[in-house]
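Enquirer:
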Amino acid sequence: MKKIKNNVAGAHRVAHRKTAPESAVAQVCPDSPTRIWINLLALAVSLGAVFWLRAYGQDLNVKTHALVVVALALALPIIVLEWFFLKPYRNPSAGLDFGRRNYSLRRTAVKLLGFYLAVGSVAFVYWLLPEYHGSFYHNYFSVVRAALPWWLLLAVPYFYLLDGAMAEPKDSYWQLGSWLLGKRQGISGRAVGQLYLGWLVKLFFLPLMFVYMGNNLGTLLAFDFSRLLDSFRAVFDFTFNFLFYIDLLFVTVGYVCTLRLFDSHIRTAEPSFLGWGVALIGYQPFWSLFSGTYLKYDEAPAWGHWFWNTPLAYGIWGSTILLLIAIYVWASIPFGIRFSNLTHRGILTNGPYRYTKHPAYISKNLSWWMISMPFMVSVSVPEALRHSLLLLLVNFIYFMRARTEERHLSWDPTYVAYANYIGERGLFAFVGRWFPVLRFGNGRLFYGGGEVPPPAPLVTGNAAVGAGGC
Numbered sequence: 058m059k060k061i062k063n064n065v066a067g068a069h070r071v072a073h074r075k076t077a078p079e080s081a082v083a084q085v086c087p088d089s090p091t092r093i094w095i096n097l098l099a100l101a102v103s104l105g106a107v108f109w110l111r112a113y114g115q116d117l118n119v120k121t122h123a124l125v126v127v128a129l130a131l132a133l134p135i136i137v138l139e140w141f142f143l144k145p146y147r148n149p150s151a152g153l154d155f156g157r158r159n160y161s162l163r164r165t166a167v168k169l170l171g172f173y174l175a176v177g178s179v180a181f182v183y184w185l186l187p188e189y190h191g192s193f194y195h196n197y198f199s200v201v202r203a204a205l206p207w208w209l210l211l212a213v214p215y216f217y218l219l220d221g222a223m224a225e226p227k228d229s230y231w232q233l234g235s236w237l238l239g240k241r242q243g244i245s246g247r248a249v250g251q252l253y254l255g256w257l258v259k260l261f262f263l264p265l266m267f268v269y270m271g272n273n274l275g276t277l278l279a280f281d282f283s284r285l286l287d288s289f290r291a292v293f294d295f296t297f298n299f300l301f302y303i304d305l306l307f308v309t310v311g312y313v314c315t316l317r318l319f320d321s322h323i324r325t326a327e328p329s330f331l332g333w334g335v336a337l338i339g340y341q342p343f344w345s346l347f348s349g350t351y352l353k354y355d356e357a358p359a360w361g362h363w364f365w366n367t368p369l370a371y372g373i374w375g376s377t378i379l380l381l382i383a384i385y386v387w388a389s390i391p392f393g394i395r396f397s398n399l400t401h402r403g404i405l406t407n408g409p410y411r412y413t414k415h416p417a418y419i420s421k422n423l424s425w426w427m428i429s430m431p432f433m434v435s436v437s438v439p440e441a442l443r444h445s446l447l448l449l450l451v452n453f454i455y456f457m458r459a460r461t462e463e464r465h466l467s468w469d470p471t472y473v474a475y476a477n478y479i480g481e482r483g484l485f486a487f488v489g490r491w492f493p494v495l496r497f498g499n500g501r502l503f504y505g506g507g508e509v510p511p512p513a514p515l516v517t518g519n520a521a522v523g524a525g526g527c
């Protein structure tokens, strides 16, 4: 750390010399808004709740009540520990100052009107679309119906408390409420659009992840641990499910906890159709629509078929798959209560993000090659080649997903500093040196060379405060 500080000091001296090259300025990794030790401690508490459920919670519905128990067991320790040790409400990004006491019942009422309109819009979409009328989401909606009245009621003191402390209280909820009351002057359509994009993210992802997490939790609670002594296959199956359960636990909690009070609100949402397209294509129901018709790369026998008769190779190959998935899950843990696709809720720079900008995408895509093994000759060499090319297309979709995320986050100077640090010192920095077009684009999908003015914020002024969060 001392060496880095010395480099920074030297970099500042060089920066004042007009003749010094830009490369002389050392890049420093910004601090992360989360702490790994807090998230790991909360995870331990949540896993303790799982053991409690196995021993004493048999009467609780696994996909509703038990799921809420383990989610709260993760979220509450993170919130409490961050409140005491990190004080997130003091972060400039939270936009709060509880010494202001600028309370306004009228302004709060307008905000609540906007909030209730946003919630009503989500409910209307759920009512309208056939996707949400089947039994798949039944458990999710049963929890929502039980929690919704309390949530809407608690929103009243919450909005009033935050309104008096906000540096710029006329946020996007206020603008949406004002618009509904007939006021048009001074209302930012972009801010209201960002608000609805943030709600659209939660509308789509939260029920999906809630259901997936319930399924994994059910498997975990019913698992017979004595099976782990039978074979590596039992170890692989348990570990595979357990790792994805941890991932889904952080993901589900993240989509719920979009709260400005804890600086975990949505700053901005992905504004481009391309960004949404390459993200949503990887999730149901869109994945079934595209994969079966265009991207079906896993028709050949999977990895277990090739190694079943060679136990040593089976164990090594399977362990490598689990290692890649563990890296993928490791990339979810630093989020704490801030996980969310297609949104900006703070720039993570700790954990695996200290080494690369997209550890989850890299490890997940590599694991797919090892799981499906499309390159193995099952029917013919042309078929193996075709399956491999299809998986490469899936990899390309994730590559574009990474690039659109970087473009979206480029308006934040913290992310620019982080991306430049990774570009200089990251694990894969050599890729940018070998292929300059793949360097950080700073507002563009690809690096085009030369100096580029920083992209303008997606929302500014009052609109920037609470663009998509409470």
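Note that the numbering used here gives residue 422 to position 365 of the sequence shown, counting from 1, and the numbers run on in steps of one.
By construction, the Cβ of each residue, glycine as well, lies at the ideal position given by its N, Cα and C atoms.
Just so you know, these numbers come straight off a predicted model, no measurement behind them.
Whose C-beta lies closer than 7 Å to the C-beta of residue 280 among residues of the same chain, with five residues either side of it excluded?
Expert: 295.
Enquirer: Quick check on DSSP: helix, strand or coil for residue 400?
Expert: Residue 400 falls in the strand class under three-state DSSP.
Enquirer: Out of 155, 461, 273, state which residue places its alpha-carbon closest to the alpha-carbon of residue 220.
Expert: With distances taken between Cα atoms, residue 220 lies closest to 155.
Enquirer: Got a sec, what are the start and stop residues for the alpha helix (DSSP H) residue 158 sits in?
Expert: Per DSSP, residue 158 belongs to no alpha helix (DSSP H) and is neither H nor E.
Enquirer: Please state whether the Cβ-Cβ distance between residue 461 and residue 331 is less than 8 Å.
Expert: Yes, these two residues count as a Cβ contact at 8 Å.
Enquirer: For residue 93 and residue 483, which I take to be in contact (beta-carbon distance under 8 Å), what is that distance rounded to the nearest angstrom?
Expert: Residue 93 to residue 483, Cβ: 18 Å. No contact.
Enquirer: What's the gap between the Cα of residue 291 and the Cα of residue 362?
Expert: When rounded, the distance between both Cα atoms is 16 Å.
Enquirer: Check whether the Cβ of residue 477 lies closer than 7 Å to any heavy atom of the ligand HEM, and answer yes or no.
Expert: Among the components of this structure there are no ligands whatsoever, and the ligand HEM is therefore not found.
Enquirer: With DSSP run on the structure shown, which of helix, strand or coil describes residue 325?
Expert: Strand.
Enquirer: By Cβ distance below 6 Å, which residues in the same chain neighbour residue 99 in space, the five residues on each side in sequence not counted?
Expert: Excluding residues within five positions, the ones whose Cβ falls inside 6 Å are 131, 134, 135.
Enquirer: Helix, strand or coil: which one does DSSP assign to residue 457?
Expert: Residue 457 falls in the helix class under three-state DSSP.
Enquirer: May I have the straight-line CA-CA distance separating residue 87 from residue 403, to the nearest angstrom?
Expert: Using only the alpha carbons, I get a separation of about 11 Å.
Enquirer: Which of the three DSSP states, helix, strand or coil, is assigned to residue 223?
Expert: Looking at residue 223 - three-state DSSP - the assignment turns out to be strand.
Enquirer: For residue 430, which option in 421, 498, 270, 441 has the closest C-alpha, if you only look at C-alpha atoms?
Expert: Ranking the options by Cα distance to residue 430, first place goes to 441.
Enquirer: If you draw a straight line from the alpha carbon of residue 196 to that of residue 174, how long is it in whole angstroms?
Expert: Going from the Cα of residue 196 to the Cα of residue 174 covers about 24 Å.
Enquirer: Tell me the rounded alpha-carbon separation between residue 284 and residue 375.
Expert: Distance between the alpha carbons of residue 284 and residue 375 is about 17 Å.
Enquirer: Roughly how many whole angstroms lie between the Cα atoms of residue 104 and residue 492?
Expert: Between residue 104 and residue 492, the C-alpha separation is close to 44 Å.
Enquirer: What three-state label does DSSP hand residue 320 in the structure shown?
Expert: Coil at residue 320, not helix or strand.
Enquirer: In chain order, which continuous runs of the alpha helix (DSSP H) of length 4 or greater are located wholly inside the stretch 312-384?
Expert: Segments of the alpha helix (DSSP H) lying fully in the stretch 312-384: 330-337, 343-348, 360-364.
Enquirer: To the nearest angstrom, how far is it from the Cα of residue 200 to the Cα of residue 464?
Expert: Residue 200 and residue 464: Cα-Cα distance of roughly 36 Å.
Enquirer: Which term fits residue 507, buried or exposed, when burial requires 16 or more other beta carbons within 10 angstroms of its beta carbon?
Expert: With fewer than 16 Cβ atoms within 10 Å of its Cβ, residue 507 is classed as exposed.
Enquirer: Spatial neighbours of residue 355 within its chain, please: CB distance less than 6 Å, with the 5 preceding and 5 following residues excluded, ordered by chain position.
Expert: So the list reads 429, once near-sequence residues are dropped.
Enquirer: Give the straight-line distance between the Cα atoms of residue 345 and residue 261, rounded to the nearest whole angstrom.
Expert: Whole-angstrom Cα-Cα distance: 16 Å.
Enquirer: Considering Cα atoms alone, identify which of 114, 263, 137, 138 is closest to residue 127.
Expert: Among 114, 263, 137, 138, the Cα nearest to that of residue 127 belongs to 114.
Enquirer: Closer than 8 Å by C-beta to residue 368: which residues in its own chain qualify, once you throw out the five before and the five after it? Chain order, please.
Expert: Here the set comprises 289.
Enquirer: For residue 121, does the three-state DSSP call read helix, strand or coil?
Expert: Residue 121: coil per DSSP, three-state reduction.
Enquirer: With three or more C-beta pairs closer than 8 Å as the rule, is the stretch 240-252 touching the stretch 263-274?
Expert: Verdict: no, contact absent.
Enquirer: Would you tell me roughly how many angstroms separate the C-alpha atoms of residue 301 and residue 238, rounded to the nearest one?
Expert: Cα-Cα distance, rounded: 45 Å.
Enquirer: Which residues mark the beginning and the end of the alpha helix (DSSP H) in which residue 194 is found?
Expert: No alpha helix (DSSP H) holds residue 194; DSSP gives it neither H nor E.
Enquirer: Which same chain residues, not among the five before or five after residue 364, have their C-beta less than 6 Å away from its C-beta?
Expert: So the qualifying residues of the chain are 370, 371, 374.
Enquirer: Fully enclosed by the stretch 280-307, which beta strand (DSSP E) runs are 3 residues long or longer?
Expert: Listed in chain order, there is nothing to give.
Enquirer: Hey, residue 398 and residue 336 are a contact pair by Cβ (cut 8 Å); roughly how many whole angstroms apart?
Expert: Going by Cβ atoms, the distance from residue 398 to residue 336 rounds to 6 Å, so yes, they are a contact pair.
Enquirer: Buried or exposed: residue 90, going by 16 or more other Cβ atoms within 10 Å of its Cβ?
Expert: The residue in question, residue 90, is buried, as its Cβ has 16 or more Cβ neighbours within 10 Å.
Enquirer: With a threshold of 16 other CB atoms inside 10 Å of the CB of residue 490, please say whether the residue is buried or exposed.
Expert: Residue 490 comes out exposed.
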